[in-house]
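The sequence shown begins at 6 in the numbering used here and counts up by one. All C-beta atoms in this analysis are idealised placements derived from N, C-alpha and C, irrespective of residue type, glycine included.
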Amino acid sequence: MSRTPTSVLRIAGVACAAALLLASCGDSANTSAASVNGVAVNQQTLEVTLTQLSEAGQIELQGGVIPMDATRSVLVAMIRGEATTQILAKFKINITDEDTQTVIDQVSQDAGYDTLGEELKQLIIGLNSGDLALSRVKAPTAAEIETMYNEAPVSLGAVCAQHILVEEEATAREVIDLLNDGGNFKELAGEYSTEPNAAETGGILGSVDGDCILLTDYQSQFDAAFTAGALGAKVGVPTGPVKSSFGYHVILIRPFDDIKASLQFLLSKTPGEMLMTGYLATTPVDVASQYGRWDTATGRIVDL
């Protein structure tokens, strides 16, 4: 799904007390605001984009400066754009002239588009054209999905987990010992977990689409500490204790044979978006310290 120009612009419209003085950035023509797998996201492009967003009235200055949340939101969009470029290259998908023209035809209808700066227009067109091309990425084969899942399950853009939630860390460690001694996860979930219906569900975290949940849903809806624990877990290995706002968790990334139908179904719907999200979660993403750090658990830039 392509983004409209308005939605692209609005990613920068979040207010925050922290701020960045563009005038203090110095010579940024050859410096990086961030990098994705070693490929730079240009700081000068970020600064020009922020300036033109401000001039277009899409960012409200606070005391004459750009709010840090707005800066981070734009930088996240640029990081995702670079990740999209890399995924397209991996799967040998090109952005076509038709993609670009389709986007131009769409965005040119947006009120105020003609008043935007040229660099901002090109960024909007580039991001949306990349999204169109990303929609043509095909899901990996069943064998490829299995290999990717067993090597790095989150690389597929979904999390297929079950967990046991307890109140005390010592109890979580006891559960881990029992699992390592061959205990049955579902039975132990019914015995130990404080989560409602754990005896019936076995602690499986699923959705209407089956036994897996999109990584983007984890990043936007789940406790960040829990998500971080799930992203660091290996297939079939009890992980924890993971402390969240709810208590202590023992997390298990489920064996592939148990979840393959659910995972293949999700990948049949939005493979390109899932693979790009999974790529961002498993490849090095570095952010210049003045902006913060990349947080895989939320897919955002946060304070150092």
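{"Query": "7 Å Cβ shell around Val-307 - same chain, five flanking residues per side excluded", "Result": "Gly-297, Arg-298 and Asp-300"}
{"Query": "Alpha carbon of Leu-236 to alpha carbon of Cys-165, nearest angstrom", "Result": "10 Å"}
{"Query": "Reduced DSSP category for Thr-244 - H, G, I as helix; E, B as strand; rest coil", "Result": "strand"}
{"Query": "Given Gly-283 as reference, the closest of Ser-134, Pro-260 and Asp-222 once Cα atoms are compared", "Result": "Asp-222"}
{"Query": "Extent of the continuous beta strand (DSSP E) run through Gln-167", "Result": "166-171"}
{"Query": "Cβ neighbour criterion (16 or more within 10 Å) applied to Asp-104", "Result": "buried"}
{"Query": "Cβ contact (3+ pairs, closer than 8 Å) linking the stretch 177-190 and the stretch 126-134", "Result": "no"}
{"Query": "For Leu-51, the nearest candidate out of Val-292, Gln-91 and Thr-303 (CA to CA)", "Result": "Val-292"}
{"Query": "For Phe-231 and Thr-244, the rounded distance between their alpha carbons", "Result": "11 Å"}
{"Query": "Buried or exposed (CB count within 10 angstroms, at least 16 for buried), Thr-152", "Result": "exposed"}
{"Query": "DSSP beta-bridge partners of Ser-40", "Result": "Ala-45 and Asp-291"}
{"Query": "Proximity below 8 Å, CB of Ile-256 to CB of Gly-234", "Result": "yes"}
{"Query": "Collapsed DSSP secondary structure at Ile-129 in the structure displayed", "Result": "helix"}
{"Query": "Inter-stretch contact (C-beta, 8 Å, three-pair minimum) for the stretch 133-140 and the stretch 166-174", "Result": "no"}
{"Query": "DSSP three-state assignment for Arg-259, whether helix, strand or coil", "Result": "coil"}
{"Query": "Cβ neighbours of Glu-174 in the same chain (closer than 8 Å, five flanking residues each side left out)", "Result": "Pro-246, Lys-248 and Tyr-253"}
{"Query": "Environment of Ser-267 [buried if 16+ CB atoms lie within 10 Å]", "Result": "buried"}
{"Query": "Minimum C-alpha distance to Val-46 - residue among Gly-122, Glu-87 and Gln-224", "Result": "Glu-87"}
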